[in-house]
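Input: a single structure, listed below in structure tokens.
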Amino acid sequence: MTFPYLDIIIRSVAVYFFMTIALRVFGKKELSQLNTADIILILLISNSVQNAMVGPDTSLIGGLVAALVLFTINFAIKKLTKRFKTLGDLLLDKPEILIHDGILDFKTLSRLDVSHEELKEAAREHGLEHLTDIKLAMLEIDGTISIISKDQKQLKQTHYKRKHNHKNLQKF
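This is the structure we're talking about:
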């Protein structure tokens with residue numbers, strides 16, 4: 001007798017890699033800008049791929065096997081991309097420079113579909129009035145735009161540092 005949940009495992013692996021490729025194709029910028037339509041899309045996709053993963057098996061164990069496979073693949077991918085740089089380069093996005101020393105990289109902005117208005121909004125969020133006041137602007141792997149100003153007095157901390165500092169404050 002064959003393993004009864006092998007079909008669910010194979011289906012779950014296929015759906016995981018399909019979703020990884022789809023998110024890679026549609027780009028990281030989309031991840032940081034979820035609106036109502038995007039949330040609805042995510043909910044509908046999760047509902048549609050659930051059937052593709054478990055097939056006719058709608059049992060609790062079938063669903064748990066599919067979830068376990070997804071967690072396992074995700075864990076393995078994270079470990080493998082850290083160990084093998086080539087695999088990480090293939091699967092993971094890298095931060096992209098949008099502005100360097102006040103000069104916009106129009107080729108990168110165009111390729112990533114980042115608008116001038118989005119850059120101005122990010123600059124305002126960091127307390128900067130003009131794009132020329134930016135020493136470095138990066139589109140991070142999570143889709144956010146981080147900015148370092150030319151004037152060190154106006155240097156704003158990144159989202160990561162704010163979380164990190166918040167944790168340190170809780171210790172006191």
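Residue numbers (UniProt numbering): 1 to 172. Backbone N, C-alpha and C fix where the C-beta goes; we use that ideal spot for every residue, glycine too.
Measure from the alpha carbon of residue i to the alpha carbon of each residue in the options, then state which is nearest.
i, options, result
"Lys120", "Arg111, Leu70, Ala52 and Ile134", "Ile134"
"Asp113", "Phe3, Leu43, Ile145 and Gly102", "Ile145"
"Gly102", "Ile148, Asp142 and Arg24", "Ile148"
"Thr132", "Ile141, Leu139, Asp151 and Asp142", "Asp151"
"residue 178", "His100, Lys94 and Ser110", "The structure shown has nothing for residue 178, since the chain only spans 1 to 172."
"Thr72", "Ile10, Thr108, Ala37 and Glu117", "Ile10"
"Ile141", "Ser59, Lys78 and Glu96", "Glu96"
"Ile21", "His116, Leu92, Gly62 and Ser115", "Leu92"
"Gly62", "Asp7, Thr108, Ser115 and Phe106", "Asp7"
"Asn74", "Ala137, Gly143, Phe3 and Met19", "Met19"
"Phe17", "Ile77, Lys85, Ala37 and Ser115", "Ile77"
"Asp105", "Asn47, Gly143 and Leu136", "Leu136"
Can you find the residues in the same chain that come closer than 6 Å, C-beta to C-beta, to residue i, ignoring five residues on each side of it along the sequence?
i, result
"Val49", "Val15"
"His159", "Here His159 scores only 42 on pLDDT, less than 50, and its place in the model should not be relied on; the value that follows carries that caveat. There are no such residues."
"Tyr5", "Val65"
"Ser59", "none"
Can you tell me which residues form a DSSP beta bridge with residue i?
i, result
"Met53", "DSSP, once it has assigned bridges, lists no residue as partnering Met53."
"His100", "Ile103 and Leu136"
Leaving out the 5 sequence neighbours to the left and right, which residues in its chain are closer than 8 Å to residue i when beta-carbon positions are compared?
i, result
"Leu87", "Leu80 and Thr81"
"Glu118", "Ile145"
"Ile45", "Met19"
How is the alpha helix (DSSP H) around residue i delimited, first residue to last?
i, result
"Leu119", "His116 to Glu125"
"Lys135", "No alpha helix (DSSP H) holds Lys135; the beta strand (DSSP E) holding it covers Ile134 to Leu139."
"Ser110", "Phe106 to Leu112"
In chain order, what residues of the same chain have a beta carbon less than 7 Å from the beta carbon of residue i, not counting five sequence neighbours either side?
i, result
"Ser12", "Met53, Ala66, Val69 and Leu70"
"Glu129", "none"
"Leu109", "Leu98"
"Asp57", "Ile8"
Check for me: the beta strand (DSSP E) holding residue i runs from which residue to which?
i, result
"Ser149", "Ile145 to Ser149"
* Would you mind listing the alpha helix (DSSP H) stretches within the region 72-96 that are 4+ residues and don't spill past its ends, in chain order? => Here the runs fully enclosed are 85-91.
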